[in-house]
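Residue numbers (our numbering), protein chains in the order written: chain A, 1 to 173; chain B, 1 to 194.
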């Protein structure tokens, strides 16, 4: 994979998303399907992103590393940082219009689309080819519990990941 | 603007604290931002912080990067944007890349594969949970919320059962949004999770 290609892929995914993790479907499309990274590396990047510091959208740094090493990590970090900053000049110029009904509708459309796509991507990550019945029940249970606990927001994300790893050590051998 | 001008060095230090201590993603990062910028240093009022948070939810990409830019701009102009962004993102990026590099050395060990067999599904579940929370913050109140949820379900179905690429689904989402999903802005006080 070329550096410029990675930069464009991450930039495009960030520019087509609202929220850090919502870049996931587009990145899976552009990086996994052509074979630049594997499904497993996506899972690993997401987990590392939850255990590291900063916004969880920085999982793209981990993905960039898997694709192109340290250079890929730097490229991903820079590319993911550019689209969000467009809000600064936009807010300076048209702050009131940004809070209008049509802008809210457009953002809502993007937010709900990407949320739905992220859910679909999550299902595809845990059950490739939608073979849910082929996934061990304990893994489905872990995913369901983690989803509920994340929505409740009472347990630290890092503890959830570590708890899952411990269960994996017991049941996943 | 804060009552006392903020120097770039102070700004850098504040964001460095946030960037190096916010383990676990968006919620902890947002918590530290509020603690450092509003409570500890009093550079922003709570209302000003929520106003910028409402705006950043309209941004592309990582919301908290947008919030960093907006706060940096409010406190110290364009240099403030640059200093804030570098102090937040560079340490976090280096830590993330270093963790990945360390992980890559051991990722094929049997014990690591077993751990990932549990951590992987948990991460997927967390990602789905965050998406649901994010969608819940975006939907409108009352009966119009059911239209919003319906579109979210259509997007799930499109992702699972059609060959449509994300860019097409998102394009359709913008078209549906400006026609059917217009109205109140997202709830400003909710946590991001992103």
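From the three backbone atoms N, C-alpha and C, an ideal C-beta is built for every residue, glycine too.
Look at the Cβ atom of residue i, then the Cβ atom of residue j, and state whether they are nearer than 9 Å.
i                     : j                     : result
residue 90 (chain A)  : residue 73 (chain B)  : no
residue 18 (chain A)  : residue 57 (chain B)  : yes
residue 85 (chain B)  : residue 54 (chain A)  : no
residue 162 (chain A) : residue 119 (chain B) : yes
residue 13 (chain A)  : residue 124 (chain B) : no
residue 202 (chain B) : residue 168 (chain A) : The structure shown has nothing for residue 202 (chain B), since chain B only spans 1 to 194.
residue 17 (chain B)  : residue 76 (chain B)  : no
residue 11 (chain B)  : residue 83 (chain B)  : yes
residue 37 (chain B)  : residue 71 (chain B)  : yes
residue 1 (chain A)   : residue 129 (chain B) : no
residue 21 (chain A)  : residue 62 (chain A)  : no
residue 24 (chain A)  : residue 162 (chain B) : no
residue 73 (chain A)  : residue 11 (chain A)  : no
residue 83 (chain A)  : residue 25 (chain B)  : no
residue 98 (chain A)  : residue 67 (chain B)  : no
residue 87 (chain B)  : residue 14 (chain B)  : yes
residue 85 (chain A)  : residue 166 (chain B) : no
residue 179 (chain B) : residue 105 (chain A) : yes
residue 131 (chain B) : residue 115 (chain A) : yes
residue 148 (chain B) : residue 108 (chain A) : yes
Please report the straight-line C-alpha distance between residue i and residue j, rounded to a whole angstrom.
i                     : j                     : result
residue 45 (chain A)  : residue 129 (chain A) : 21 Å
residue 60 (chain B)  : residue 111 (chain B) : 39 Å
residue 60 (chain A)  : residue 34 (chain A)  : 17 Å
residue 124 (chain A) : residue 22 (chain B)  : 29 Å
residue 159 (chain B) : residue 46 (chain B)  : 39 Å
residue 183 (chain B) : residue 148 (chain A) : 29 Å
residue 31 (chain A)  : residue 97 (chain B)  : 18 Å
residue 104 (chain B) : residue 48 (chain A)  : 11 Å
residue 151 (chain B) : residue 135 (chain B) : 10 Å
residue 145 (chain B) : residue 139 (chain B) : 5 Å
residue 8 (chain A)   : residue 65 (chain A)  : 15 Å
residue 172 (chain A) : residue 108 (chain B) : 14 Å
residue 170 (chain A) : residue 168 (chain B) : 42 Å
residue 29 (chain B)  : residue 78 (chain B)  : 22 Å
residue 121 (chain B) : residue 44 (chain B)  : 39 Å
residue 172 (chain B) : residue 50 (chain B)  : 30 Å
residue 139 (chain A) : residue 88 (chain A)  : 42 Å
residue 181 (chain B) : residue 142 (chain B) : 13 Å
residue 33 (chain B)  : residue 92 (chain B)  : 14 Å
residue 19 (chain B)  : residue 94 (chain B)  : 11 Å
residue 133 (chain A) : residue 38 (chain A)  : 22 Å
residue 8 (chain B)   : residue 69 (chain B)  : 14 Å
residue 174 (chain A) : residue 101 (chain A) : For residue 174 (chain A) there is no data in the structure shown, the boundaries of chain A being 1 and 173.
Residue range of the alpha helix (DSSP H) that residue i falls in?
i                     : result
residue 39 (chain B)  : Neither: residue 39 (chain B) is in no alpha helix (DSSP H) and is coded neither H nor E.
residue 46 (chain B)  : 46-56
residue 63 (chain A)  : 59-85
residue 136 (chain A) : No alpha helix (DSSP H) contains residue 136 (chain A), which DSSP labels as neither H nor E.
residue 148 (chain B) : 144-161
residue 137 (chain B) : 110-138
residue 158 (chain A) : 157-171
residue 127 (chain A) : It is not in any alpha helix (DSSP H) - residue 127 (chain A) carries neither H nor E in the DSSP assignment.
residue 75 (chain B)  : 63-106
residue 25 (chain A)  : 24-27
So, under 8 Å CB-CB, residue i and residue j are touching, yes? Tell me the CB distance rounded to an integer number of Å.
i                     : j                     : result
residue 6 (chain A)   : residue 75 (chain A)  : 5 Å
residue 78 (chain A)  : residue 3 (chain A)   : With 8 Å as the limit, residue 78 (chain A) and residue 3 (chain A) do not qualify as a contact, their Cβ atoms being about 11 Å apart.
residue 176 (chain B) : residue 120 (chain A) : That pair is no contact at about 17 Å.
residue 52 (chain A)  : residue 58 (chain A)  : 7 Å
residue 170 (chain B) : residue 159 (chain A) : Not really, about 33 Å apart at Cβ, beyond 8 Å.
So, helix, strand or coil for residue i, using DSSP?
i                     : result
residue 49 (chain A)  : helix
residue 19 (chain A)  : coil
residue 183 (chain B) : coil
residue 37 (chain A)  : coil
residue 190 (chain B) : Unreliable positioning characterises residue 190 (chain B) in this predicted model, as indicated by a pLDDT of 41, which lies under 50. A coordinate reading is not provided.
residue 24 (chain B)  : coil
residue 177 (chain B) : helix
residue 2 (chain A)   : coil
residue 54 (chain A)  : coil
residue 89 (chain A)  : helix
Indicate, with yes or no, if the ligand HEM has a heavy atom lying under 8 Å from the CB of residue i.
i                     : result
residue 179 (chain B) : The ligand content of the structure shown is nil, which means the ligand HEM is not present either.
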